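Residue numbers (this note's numbering): 1371 to 1597. So the structure is just underneath, and the comments pick up after that.
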Amino acid sequence: MQLKISPSKLEQIRLHYTEAYYGTITKEKVIEAIKGETPWMPRMEFGAAFHSVIEHGGDKFFNAETGLYEIPIEGLNDKFVLTQKEVSVAEDYRKQYPNMVNEIAMNNLMLGHVEGYTVLVSLRIDGINGLTIHERKTTKNFPGIEHYRESLQWKIYLLVTGLNSIQYDIFQYNEPKFGDREIKYHKFSFEPYKTIEEDVIKWTKLFVKFCENEGLMDYLIKKEYAI
């Protein structure tokens, strides 16, 4: 039997069991993530808008009457507004990587065999430049490189794609009461290591066991549709 798992949901299990974020990733939040019921949070709006500018460029969203950039966000009625200064950070990033291919979907890649199941993963990669994956994050609080080093997400990306490295592009921003957001850009890279597959499979086993115990296997079993 085939299971289909996303790296982000697998990462939720690791965060839960390691009590990351001061133990705020509860079992209930993991279950919400597996069911696809994680609620939309206001803090996600800036990230969605900023990612859109990186992908499409700012000109597409510029309103000449206001001098601002108005970005539509899926599921929201109002557009998210960014200033010229804020957009310039995304534009500078685009100029650094003119050959970047953005938003690549990869479906049903083999992760491995776990607990009698064949485990497949589907990815949505922010960008690929040459043989390097780019993973972009927006955050108010940059937790440091070690926080990201422990993540399963990049390990799965490199394991199933066979690419050489992954670069995290972190855009740390504030929310002032007035004026422009200050956006700081951090970047760092990780490469495959000897036990990367062993580490990923270990957490995948825990994920499958969790889903079995909580009656969530229907959310993982890959459905076959007749043509």
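Yeah, the Cβ is synthetic: ideal placement off N, Cα and C, and Gly gets one too. Computed from a predicted structure; not experimentally measured.
For this session: Grab me the residues of V1457's own chain with a C-beta within less than 6 Å of its C-beta, minus the 5 sequence neighbours each way, in chain order.
Result: Closer than 6 Å at the Cβ level, and outside the excluded window around V1457, lie V1423, G1428, Y1439.
Problem set entry | Rounded separation between K1564 and G1549 - CA only | 48 Å
For this session: State the Cα-Cα distance for the pair K1592 and S1378, rounded to the nearest angstrom.
Result: 17 Å
For this session: Quick one: using the 10 Å Cβ neighbour count with 16 as the cut-off for buried, is A1475 buried or exposed?
Result: exposed
Problem set entry | Through-space distance from N1472 to I1383, alpha-carbon basis | For I1383 and N1472, the gap between their C-alpha atoms comes out near 28 Å.
Exercise. Y1555 by DSSP, collapsed to three states: which one?
Worked result: Residue state, collapsed to three classes: strand.
For this session: Keeping to the same chain, check which residues put their C-beta closer than 6 Å to that of M1371; ignore five residues upstream and five downstream.
Result: Y1487
Problem set entry | Cβ contact check for the stretch 1384-1401 and the stretch 1411-1418: 3 or more pairs under 8 Å | no
Exercise. Is I1526 near the ligand MN, with its Cβ less than 7 Å from a heavy atom?
Worked result: Absent from the structure shown: the ligand MN. Ligands present: none.
Exercise. Where does L1586 fall in DSSP's three states?
Worked result: Taken through DSSP and simplified to helix, strand or coil, L1586 comes out as coil.
Exercise. How many Å lie between L1446 and M1411 at the Cα?
Worked result: If you take the alpha carbons of L1446 and M1411, they lie about 11 Å apart.
Problem set entry | DSSP three-state assignment for D1569, whether helix, strand or coil | Here D1569 sits in helix by DSSP.
For this session: Label Y1555 either buried or exposed according to how many other C-beta atoms from any shown protein chain fall within 10 Å of its C-beta, with 16 as the threshold for buried.
Result: Exposed: under 16 other Cβ atoms inside 10 Å.
For this session: Quick one: grab the DSSP three-state call for A1596.
Result: Low per-residue confidence applies at A1596: pLDDT is 38, beneath 50, and the placement is therefore not dependable, though the value from the model is reported in the following sentence. In the three-state reduction of the DSSP assignment, A1596 falls in the coil class.
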